[in-house]
């Protein structure tokens, strides 16, 4: 079992959920996050008015899942990213788990 972490811009949320289904990843958690491409974005977006957002609306999903599901998902993400017309690919990483309960 490994920890899978996936980040993406909000526009691709529907697509990643479909890719999770195709990869047999049925249990996962998600969170809305703000994405930044470089530190100057953060500096420019600093404001006295907290209602102004500086980051790109993004999502992060994570799942404790099996190697074969991860391998399938990585292939699906690679294919998805090759057909993008934007500079915002879906990104994924895997973290090994030493122990779990």
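In full-length UniProt numbering, the protein residues as written are 1 to 101.
Where is the CB? At the ideal position from N, CA and C, for every residue including glycine.
The stretch 67 to 85 and the stretch 30 to 39 do not touch, with fewer than 3 CB-CB distances between them shorter than 8 angstroms. For residue 81, there is no enclosing beta strand (DSSP E); the enclosing alpha helix (DSSP H) has its first and last residue at 67 to 82. Residue 28 sits in coil when the DSSP states are folded into three classes, being neither helix nor strand. Looking at the backbone, the Cα of residue 71 and that of residue 28 are separated by about 16 angstroms. If you ignore the 5 residues before and after residue 76, its C-beta comes within less than 8 angstroms of the C-beta of 19, 22 and 23, all in its own chain and listed in chain order. Cβ neighbours of residue 89 within its own chain (closer than 6 angstroms, five residues either side excluded): 81. Annotated three-state conformation of residue 99 is coil, per DSSP.
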